[in-house]
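Okay, structure first, notes after.
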Amino acid sequence: MHSLLKSFEQFIYPQYCNSCETPLSEVELLFCSKCRVNDIQFSKLGNWVRQLKTHEYLNYAHSFYWFGDVIQAYIHHLKYSGCDTFLPRLINNAIRESELPKEATEAVLIPIPLHRVRQRDRGFNQAMVIAKELAQQWNLKLEDKMLKREKYTQTQTKLSIIERQKNMYMAFHMLKDAPKAVLLIDDVLTTGSTADACARQLRERGSAWVGVVTLATPKIKKIYR
Ligand SMILES: [Zn+2]
Numbered sequence: 156m157h158s159l160l161k162s163f164e165q166f167i168y169p170q171y172c173n174s175c176e177t178p179l180s181e182v183e184l185l186f187c188s189k190c191r192v193n194d195i196q197f198s199k200l201g202n203w204v205r206q207l208k209t210h211e212y213l214n215y216a217h218s219f220y221w222f223g224d225v226i227q228a229y230i231h232h233l234k235y236s237g238c239d240t241f242l243p244r245l246i247n248n249a250i251r252e253s254e255l256p257k258e259a260t261e262a263v264l265i266p267i268p269l270h271r272v273r274q275r276d277r278g279f280n281q282a283m284v285i286a287k288e289l290a291q292q293w294n295l296k297l298e299d300k301m302l303k304r305e306k307y308t309q310t311q312t313k314l315s316i317i318e319r320q321k322n323m324y325m326a327f328h329m330l331k332d333a334p335k336a337v338l339l340i341d342d343v344l345t346t347g348s349t350a351d352a353c354a355r356q357l358r359e360r361g362s363a364w365v366g367v368v369t370l371a372t373p374k375i376k377k378i379y380r
């Protein structure tokens, strides 16, 4: 009955691909399969921690995909809907494509937290949704209660880079001792300043190795440096 209703709905209000505007089939969401395949590309960056603008406390950084139109719309959808059937497949394809470094084989996954005000507004943390899926597929432990975000980091565009980083370092704190190896999880990685701020806290509370894994990273990086 439900699928019949859905096809009826589709018949009356056809959905179109957000990119090429061809009508979508019932199983397609936001984009047609062709645009998805063309736009969703593995970054193939490997460990790009040394290319991050801020990486003082990080040992490892990996971003599965390039942040293209489809991934962007997809993350947006994830941010506001909280769940998606597309995510498990996206992550499964990515982890089959890239191998974890040996230090991470027993790492604990920690989603980069949102400030509680922002999380309350949004209803959930998209990093947590990604971390849950990764924990399941990698068979690693997930810990989302030990790292807290203190300050509501508002737009910092008027601050200097050094001031921004100082603010960021103060934004996170640990509630207990940190695991030996940690993989921080987030949706997008750009400058590395947020992940590095978390890594600093983890190091201070006992982590020997800290990496960050994200779903995507923007292709054009020179604008961030
Ligand atoms: Zn299309």
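In terms of this note's numbering, the sequence shown opens at residue 156 and continues consecutively. C-beta atoms are modelled at their ideal positions from N, C-alpha and C, and glycine is treated no differently.
Buried or exposed, going by whether 16 or more other CB atoms sit within 10 Å of the CB of residue i?
i                 : result
valine 192        : exposed
serine 315        : exposed
glycine 201       : exposed
glutamine 291     : exposed
threonine 372     : buried
phenylalanine 222 : buried
valine 272        : exposed
isoleucine 267    : buried
histidine 217     : buried
asparagine 214    : buried
serine 180        : exposed
valine 367        : buried
tyrosine 229      : buried
arginine 380      : Since pLDDT at arginine 380 reaches only 42, below the 50 mark, its modelled position is unreliable, and the value read off the structure follows with that caveat. With fewer than 16 Cβ atoms within 10 Å of its Cβ, arginine 380 is classed as exposed.
leucine 233       : buried
leucine 330       : exposed
arginine 244      : exposed
isoleucine 378    : Bear in mind that a pLDDT of 45 at isoleucine 378, under 50, signals an unreliable position, so the model cannot answer this.
threonine 345     : buried
phenylalanine 197 : exposed
methionine 156    : Low confidence applies to methionine 156: its pLDDT is 49, below 50, so where it sits in the model is not reliable enough to give any reading.
valine 182        : exposed
glutamate 288     : buried
aspartate 317     : Reading off the sequence, residue 317 comes out as isoleucine, not aspartate. By the neighbour-count rule (16 or more Cβ atoms within 10 Å), isoleucine 317 is not buried but exposed.
Using only the heavy atoms of ligand 1, determine whether one of them is closer than 8 Å to the beta carbon of residue i.
i             : result
threonine 177 : yes
cysteine 187  : yes
serine 180    : no
cysteine 172  : yes
leucine 353   : What sits at residue 353 in the sequence shown is cysteine, not leucine. Answer for cysteine 353: no, Cβ out of range of ligand 1.
Can you tell me which residues form a DSSP beta bridge with residue i?
i              : result
tyrosine 220   : Phe197, Ala371
tyrosine 215   : Gly366
methionine 301 : Answer is none; methionine 301 lacks a bridge partner.
histidine 328  : Lys303
tryptophan 296 : Per the sequence shown, residue 296 should be read as lysine rather than tryptophan. Val263, per the DSSP bridge assignment.
proline 178    : Tyr171
Verify the CB distance criterion: does residue i have a CB-CB separation below 9 Å to chain C?
i           : result
leucine 184 : Absent here is chain C; the protein component of the structure consists of one chain.
Check your understanding: Would you call the segment 204-215 and the segment 347-356 touching, i.e. three or more CB-CB distances under 8 Å?
Key -> yes
Exercise for review: Could you tell me whether the segment 361-368 touches the segment 179-198, using the rule of 3 or more Cβ pairs below 8 Å?
Suggested key: no
Point to revise | Three or more C-beta pairs below 8 Å linking the segment 298-305 and the segment 314-332 | key: yes
**Study point:** contact_flag[the segment 338-348, the segment 280-297] where n(CB pairs < 8 Å) is 3 or more
**Key:** yes
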